[in-house]
Structure formats: structure tokens, C-alpha cells
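Enquirer: Okay, here's the structure, questions in a sec.
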Amino acid sequence: MAVQQGGLSPGVPRNVGVGRVASRRPFRPDMPVFPLSCVVQHYAWGKMGSNSEVARLLASSDPQARISEDKPYAELWMGSHPRGDAKILDNCISQKTLGQWIAKNQDCLGSKVKDTFNGKLPFLFKVLSVETALSIQAHPNKELAEKLHLQAPQHYPDANHKPEMAIALTSFQGLCGFRPIEEIVTFLTKVPEFRFLIGDNAATQLKKSMNSDSQSVASALQSCFSHLMKSEKKVVVEQLNLLVKRISQQVAAGNNMEDIYGELLLQLHQQYPGDIGCFAIYFLNLLALKPGEAMFLEANVPHAYLKGDCVECMACSDNTVRAGLTPKFIDVPTLCEMLSYIPSKDRLFLPTRSLEDPYLSIYDPPVPDFTVMRMEVPGSITEYKVLAVDSASIVLVVQGRVTASSPTVQTPIPLQRGGVLFIGANESVSLKLAAPDDLLMFRACCLL
Numbered sequence: 001m002a003v004q005q006g007g008l009s010p011g012v013p014r015n016v017g018v019g020r021v022a023s024r025r026p027f028r029p030d031m032p033v034f035p036l037s038c039v040v041q042h043y044a045w046g047k048m049g050s051n052s053e054v055a056r057l058l059a060s061s062d063p064q065a066r067i068s069e070d071k072p073y074a075e076l077w078m079g080s081h082p083r084g085d086a087k088i089l090d091n092c093i094s095q096k097t098l099g100q101w102i103a104k105n106q107d108c109l110g111s112k113v114k115d116t117f118n119g120k121l122p123f124l125f126k127v128l129s130v131e132t133a134l135s136i137q138a139h140p141n142k143e144l145a146e147k148l149h150l151q152a153p154q155h156y157p158d159a160n161h162k163p164e165m166a167i168a169l170t171s172f173q174g175l176c177g178f179r180p181i182e183e184i185v186t187f188l189t190k191v192p193e194f195r196f197l198i199g200d201n202a203a204t205q206l207k208k209s210m211n212s213d214s215q216s217v218a219s220a221l222q223s224c225f226s227h228l229m230k231s232e233k234k235v236v237v238e239q240l241n242l243l244v245k246r247i248s249q250q251v252a253a254g255n256n257m258e259d260i261y262g263e264l265l266l267q268l269h270q271q272y273p274g275d276i277g278c279f280a281i282y283f284l285n286l287l288a289l290k291p292g293e294a295m296f297l298e299a300n301v302p303h304a305y306l307k308g309d310c311v312e313c314m315a316c317s318d319n320t321v322r323a324g325l326t327p328k329f330i331d332v333p334t335l336c337e338m339l340s341y342i343p344s345k346d347r348l349f350l351p352t353r354s355l356e357d358p359y360l361s362i363y364d365p366p367v368p369d370f371t372v373m374r375m376e377v378p379g380s381i382t383e384y385k386v387l388a389v390d391s392a393s394i395v396l397v398v399q400g401r402v403t404a405s406s407p408t409v410q411t412p413i414p415l416q417r418g419g420v421l422f423i424g425a426n427e428s429v430s431l432k433l434a435a436p437d438d439l440l441m442f443r444a445c446c447l448l
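Residue numbers for the sequence shown follow UniProt numbering, so the first one is 1 and each next one is one higher.
In C-alpha cells:
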């Protein structure tokens with residue numbers, strides 16, 4: 001974790017005695033701090049209307065926004081991605097979008113970020129509001145991404161990897177990584193329809209691997225998962241219908257079927273009837289994140305978001321290998337070949353608390369592309385300083401109201417819930433809080 005000179009973390013409240021006052025510099029239009037208007041994506045899996053956190057943030061930040069209750073509000077994109085380039089809300093700036101502005105002012109990225117990522121913002125910051133499950137998927141590492149992009153650019157549009165981190169804003173449910181082998185073996189016993197698709201030989205091999213080395217476990221797990229994912233569609237539909245019928249009858253009789261995730265199975269089958277991805281719940285860890293909890297999805301880790309609202313940060317890429325719970329292009333052979341077959345129960349990604357700033361938590365994944373910070377400041381604090389880092393930053397206000405000022409800003413910028421602020425590299429920003437509201441913000445940056 002990079003720190004400021006003097007040991008300061010990148011966000012320090014002024015009245016805890018460790019802040020520094022940045023020297024006043026003349027206004028510089030090439031390195032400003034400015035608010036953004038961000039792009040909403042209306043994917044079919046998103047929450048509808050004002051049930052969506054994306055829609056609520058939009059409505060709060062823009063009084064002129066009209067939320068359609070019959071329309072899904074799935075994602076808010078905060079960044080310079082070509083399919084969702086944020087608009088600059090500052091008439092003094094000639095460029096209209098963040099991507100255009102960065103192209104003309106690459107020093108705003110920070111010297112290391114500019115050189116490492118070829119003058120591009122290396123991350124895309126998002127809010128997601130999930131109503132129906134996203135696909136069973138994984139993202140390739142850079143080596144595989146380059147290969148897939150060459151072979152099938154229509155499906156894999158760039159040569160970059162796509163590590164992701166999701167931080168829950170509300171209760172958030174997802175699948176992430178392979179379960180411990182013991183749990184999968186238990187499901188093979190309790191769910192005969194699941195075992196039928198796996199086959200007795202692969203199921204027996206997996207059970208025998210429980211006392212073996214990690215390579216044997218990985219081989220047996222890959223065999224089982226591949227057998228499932230490559231099952232004939234007709235057979236999958238038959239077995240899934242049998243399982244749905246059995247669970248429905250048991251539930252109707254008043255029996256609890258949660259030992260085989262009966263309710264979740266019925267929910268997924270209702271969303272994606274006859275889909276092989278419904279059986280993935282018996283292979284992958286089911287995570288129920290509370291607000292502030294996170295999961296990190298490195299390359300080759302199978303996952304799916306199921307329901308809830310989260311902040312997400314990822315490397316700038318559109319490369320996704322899918323195999324179920326989706327109407328989109330699926331690539332089962334590539335997915336089964338690429339996955340990391342490492343069973344693990346512990347999939348929560350824990351932030352570190354800043355030693356200097358009691359209000360700052362830092363989610364610093366083992367990739368260079370991005371870091372996310374969560375700032376929770378009580379309303380009793382009158383002023384909070386977001387200190388400079390050698391990286392461009394994007395800040396989202398989730399709760400509270402502030403007025404932002406900076407040495408390079410002529411007029412203070414009011415921000416409220418849903419407000420998004422771009423901060424150029426090495427710029428400090430002072431936030432005056434509007435009491436008595438507590439403040440919750442997330443900041444994405446790249447700390448090389």
C-alpha cells in the first residue's frame with residue numbers, strides 16, 4: 001500500500017491531527033478536479049426502476065433524472081470506457097468526456113500509471129444492481145486474453161485481463177471459486193440428478209482425491225466440472241426438471257430443502273429454465289456479503305453475481321468466458337480448460353484499516369490495475385481531506401453531502417448522494433461535510 005510522504009494514507013480527516021495543508025497553486029485548467037455525469041446501462045438482469053441502487057443514486061445526484069419504473073437500471077459506469085465514457089460537468093473544460101480529456105491531459109493519470117498503461121485510465125469503476133443472476137463466468141489472464149482476442153475478436157474484443165472486485169452496498173449474493181471437495185462430494189450424494197450428470201466414474205475419482213495431493217484434487221475436480229458442463233442439453237433439461245419437481249414437492253409438503261439450496265435452485269431455474277448453470281451452485285461457494293464486505297475475482301476463478309447491489313472495480317476489458325445462466329455466447333471448452341481448480345472456503349476479500357485515518361478502509365488486490373478505498377466519516381467531522389496520490393481517482397458519494405474544494409478549483413463543487421468526482425494525480429481535495437449527515441464514499445485509483 002503506497003503512502004504519502006510522512007506516512008500518511010490517501011485519505012485523512014483534518015481534525016484528527018495528521019493532515020497537511022497543500023500549498024495554494026494558481027488555477028490550472030490542465031489538471032482540475034471536476035464532477036462527472038456517468039453512463040447507466042439498462043441490461044435485462046438489472047433491478048427495475050427505483051428498486052435499483054443505480055437508479056436511486058442517479059435520481060439523487062440529478063434532480064432532472066426521470067426514473068422509469070418498468071426499466072432495468074443495471075450498471076453505472078464511472079470511467080472512460082468507449083462504451084460508457086463519462087461526461088464532464090464543467091463548462092470551463094473544452095473536452096466533453098473524461099476519455100477525451102485524459103487523451104489531451106495524460107499527466108493527470110500520474111507518471112507511473114501513464115507509462116505503465118499507455119496513457120489510458122487502467123480501471124473501470126461501477127455500481128451494479130442485480131435482480132436476476134449474471135452468467136457463470138471467468139476472466140482470462142493476459143496471456144490467454146491475447147490468444148482469445150487473436151482467435152475470436154468478435155467474442156473477445158481486447159487483449160487485456162479483467163480482474164474484478166465487488167464490494168457490497170446492500171446484502172449481496174454471489175458464487176465464487178470452487179467449494180471444498182468434501183462439500184461437493186456431499187452434494188453428489190444428496191442430489192442424485194447432479195451425480196447423474198457428473199457420472200459415477202468422475203464422482204468416485206473426486207471422492208478418492210480427498211486424501212490426495214493438490215494436483216490429484218485439481219485433476220479430479222476438472223474432470224467432474226467438465227463432465228457437467230459438457231452434458232447434452234436434453235439430458236440436462238431432464239435431470240433439472242426432475243430435481244425441480246422433487247424440491248417443489250418437498251417444499252409443498254413443508255420440508256426444508258436448504259441442505260441442497262432448494263430455494264436458490266428453484267429461483268435460478270425460474271430465471272433460466274433448463275440451464276446447465278443451475279447445477280453450478282453445487283460446485284461453487286455461495287457468498288452472502290454484508291455491506292462493506294468484498295470478493296476479489298482474479299483470473300480463471302469461476303463466479304456469478306446472483307442478487308444485490310455492489311460497487312465494482314475492474315481492469316478495462318470486456319473479456320468474459322461464459323458457460324451458463326446466460327443467453328450470450330458460451331465457450332464451455334475454453335472455460336473448462338482455463339479455470340483454477342483450487343477448492344477453497346475462504347473467498348472473502350478483507351480490507352485493511354488505515355493506521356492514520358480511522359475512517360479509511362483500503363481494498364488493495366494483488367493486481368496493479370486498481371485499488372478501492374472506502375471512506376466512512378461521521379457527520380460530527382466538519383472537514384475531511386482526501387489526500388493526493390500519484391494516480392487519477394474517481395470518487396463516488398453513496399451517502400451524505402459535501403462541498404469539495406481544491407487548489408486547482410476556482411469554485412467549490414457541491415456533491416451529494418450519487419455524485420461522482422474525478423481527481424487528477426497529485427491533487428488533494430478538501431471536503432466540507434453538511435452536518436448532521438454521515439458520509440460514505442468510495443474511491444478508485446491505481447497505486448503502483
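Where is the CB? At the ideal position from N, CA and C, for every residue including glycine.
1) Between which residues of its own chain and Thr403 is the CB-CB distance below 6 Å, once the five residues before and five after are set aside?
2) List the endpoints of the continuous alpha helix (DSSP H) containing Met338.
3) My parser needs the alpha helix (DSSP H) runs of 4 or more residues fully inside the region 83-164; what are they?
4) Using CA coordinates, which residue listed in Phe296, Glu75, Pro140 is at the minimum distance from Thr320?
5) The alpha helix (DSSP H) that contains Gln271, what's its start and end?
6) Going by DSSP, what residue range makes up the alpha helix (DSSP H) through Ser405?
7) My output table needs one value for Ser231: the three-state DSSP class, helix, strand or coil.
8) Could you check the C-alpha separation between His227 and Tyr305 for me, to the nearest Å?
9) Starting from the C-beta of residue 524, find all residues in its chain whose C-beta is less than 7 Å away, skip the five residues before and the five after it, and write them out in chain order.
10) Leaving out five residues on either side along the sequence, give the residues of the same chain with a beta carbon under 7 Å from the beta carbon of Gln188.
11) Starting from Leu285, trace the beta strand (DSSP E) both ways and give me its first and last residue.
12) Do Arg374 and Gln399 count as a contact pair if the criterion is CB distance below 8 Å?
13) With which residues is Met78 paired in a DSSP beta bridge?
14) By the 10 Å Cβ neighbour count, where 16 or more other Cβ atoms means buried, how is Gln137 classified, buried or exposed?
15) Are there any heavy atoms of the ligand ATP lying less than 7 Å away from the beta-carbon of Ser219, as far as the coordinates show?
16) Can you find the residues in the same chain that come closer than 8 Å, C-beta to C-beta, to Lys208, ignoring five residues on each side of it along the sequence?
17) How would you call Pro32, buried or exposed, if buried means at least 16 neighbouring beta carbons within 10 angstroms?
18) Just verifying my parser: in three-state terms, what is the DSSP assignment at Lys432?
19) What are the boundary residues of the alpha helix (DSSP H) that includes Pro192?
20) Are the CB atoms of Ile394 and Val367 nearer to each other than 8 Å?
21) Is Cys310 closer than 8 Å to Leu124 when the C-beta atoms are compared?
22) Round the Cβ separation of Pro365 and Met165 to the nearest angstrom and send it over; I've been treating them as touching at under 8 Å.
23) Of all the options Pro333, Tyr282, Leu335, Arg443, which has the alpha carbon lying nearest to the alpha carbon of Leu175?
24) DSSP three-state call for Asn15: helix, strand or coil?
25) What first and last residue would you give for the alpha helix (DSSP H) that runs through Ser61?
26) Taking the alpha carbon of Leu447 as the reference point, which residue from Gln270, Phe279, Asn426, Lys87 has its own alpha carbon closest?
27) Using the beta-carbon count (16 or more within 10 Å), is His42 buried or exposed?
28) Kindly indicate which three-state DSSP category Glu356 falls into: helix, strand or coil?
29) Near Ser60, what residues of its chain come up, given a Cβ to Cβ distance below 7 Å and the 5 sequence neighbours on each side ignored?
30) By Cβ distance, which residues of its chain are closer than 7 Å to Ser338, with the 5 residues on each side in sequence left out?
Expert: From the atom records:
1) Reading the sequence shown from its first residue, position 403 is the one you call residue 403. Here Thr403 has Pro412, Pro414, Lys432 as same chain residues with Cβ atoms under 6 Å from its own Cβ, once five neighbours each way along the sequence are excluded.
2) Position 338 of the sequence shown, counting from 1, holds the residue named residue 338. That run of the alpha helix (DSSP H) goes 332-338.
3) Fully enclosed alpha helix (DSSP H) runs of 4 or longer: 98-104, 111-116, 142-151.
4) Residue mapping note: residue 320 aligns to position 320 of the sequence shown, counting from 1. It is Pro140 whose Cα lies nearest to the Cα of Thr320.
5) Translated into positions along the sequence shown, residue 271 becomes position 271. Run containing Gln271: 262-271, per the alpha helix (DSSP H) assignment.
6) Here residue 405 refers to the residue found at position 405 of the sequence shown. Annotation: Ser405 is outside any alpha helix (DSSP H); the continuous beta strand (DSSP E) that includes it extends over 402-405.
7) Position 231 of the sequence shown, counted from the start, is the residue given in the question as residue 231. In the three-state DSSP reduction, Ser231 falls in the coil class, being neither helix nor strand.
8) In the sequence shown, counting from the first residue as 1, residue 227 sits at position 227. In the sequence shown, counting from the first residue as 1, residue 305 sits at position 305. Those two C-alpha atoms are separated by around 23 Å.
9) Within the shown structure, residues of the chain are numbered from 1 to 448, placing residue 524 beyond reach of any answer.
10) Residue mapping note: residue 188 aligns to position 188 of the sequence shown, counting from 1. At residue 188 the sequence reads Leu, which differs from the Gln that was named. Leaving aside the five residues that flank Leu188 on each side, the residues in its chain whose CB is nearer than 7 Å to its CB run, in chain order, Phe194, Arg195, Ile198, Ala203.
11) Reading the sequence shown from its first residue, position 285 is the one you call residue 285. Note that residue 285 is Asn in the sequence shown, not Leu. Counted as a single uninterrupted DSSP element, the beta strand (DSSP E) harbouring Asn285 occupies residues 284-289.
12) The residue you call residue 399 lines up with position 399 of the sequence shown. The residue you call residue 374 lines up with position 374 of the sequence shown. Not a contact, by the Cβ cut-off of 8 Å.
13) Position 78 of the sequence shown, counted from the start, is the residue given in the question as residue 78. Partner(s): Phe125.
14) Looking up residue 137 in the sequence shown gives position 137. By the 10 Å Cβ count, Gln137 comes out buried.
15) The ligand ATP is not part of this structure, which contains no ligands at all.
16) For the purposes of this step, residue 208 is identified with residue 208 of the sequence shown, where counting begins at 1. For Lys208, the CB contacts under 8 Å within the same chain, skipping 5 residues up- and downstream, are Ala220 in chain order.
17) Along the sequence shown, read from residue 1 onward, the residue named residue 32 stands at position 32. With 16 or more other Cβ atoms within 10 Å, it is buried.
18) Taking the sequence shown and counting its residues from 1, one reaches residue 432 at position 432. Annotated three-state conformation of Lys432 is strand, per DSSP.
19) As a first step, residue 192 must be located in the sequence shown, where it is residue number 192. From DSSP, the alpha helix (DSSP H) with Pro192 extends over 192-198.
20) By 1-based counting over the sequence shown, the position of residue 394 is 394. By 1-based counting over the sequence shown, the position of residue 367 is 367. No, Cβ-Cβ distance for Ile394 and Val367 is not below 8 Å.
21) The sequence position of residue 124 within the sequence shown is 124, counting from 1. The sequence position of residue 310 within the sequence shown is 310, counting from 1. Contact: no.
22) To locate residue 365, count along the sequence shown from 1; it is residue 365. To locate residue 165, count along the sequence shown from 1; it is residue 165. Taking the Cβ atoms as the reference, Pro365 lies roughly 6 Å from Met165, within the contact range of under 8 Å.
23) Position 175 of the sequence shown, counting from 1, holds the residue named residue 175. Distance check between Leu175 and each of Pro333, Tyr282, Leu335, Arg443 places Tyr282 closest, using alpha-carbon atoms only.
24) For the purposes of this step, residue 15 is taken as the residue at position 15 of the sequence shown. No answer about Asn15 holds up, because its pLDDT of 33 lies below 50 and its placement is not dependable.
25) Residue numbering aside, residue 61 sits at position 61 when the sequence shown is read from its first letter. Its alpha helix (DSSP H) spans residues 53-61.
26) Position 447 of the sequence shown, counted from the first residue, corresponds to residue 447. Residue nearest to Leu447 within the set Gln270, Phe279, Asn426, Lys87 is Asn426 (criterion: CA-CA distance).
27) If you number the sequence shown from 1, residue 42 lands on position 42. Counting C-beta atoms within 10 angstroms of its own C-beta, His42 has fewer than 16 neighbours from the protein chains shown and is therefore classed as exposed.
28) Here the question's residue 356 lines up with position 356 in the sequence shown. It is coil, neither helix nor strand.
29) Walking along the sequence shown from the start, residue 60 turns up at place 60. Spatial neighbours of Ser60 in its own chain (CB-CB distance under 7 Å, excluding positions within 5 residues in sequence) are listed in chain order as Gln416, Arg417, Gly418.
30) Residue numbering aside, residue 338 sits at position 338 when the sequence shown is read from its first letter. Looking at the sequence provided, one finds Met at residue 338 rather than Ser. If we look at Met338 and ignore the five residues flanking it on each side, its Cβ neighbours are Ala138, Pro140, Leu144, Asn300, Val321.
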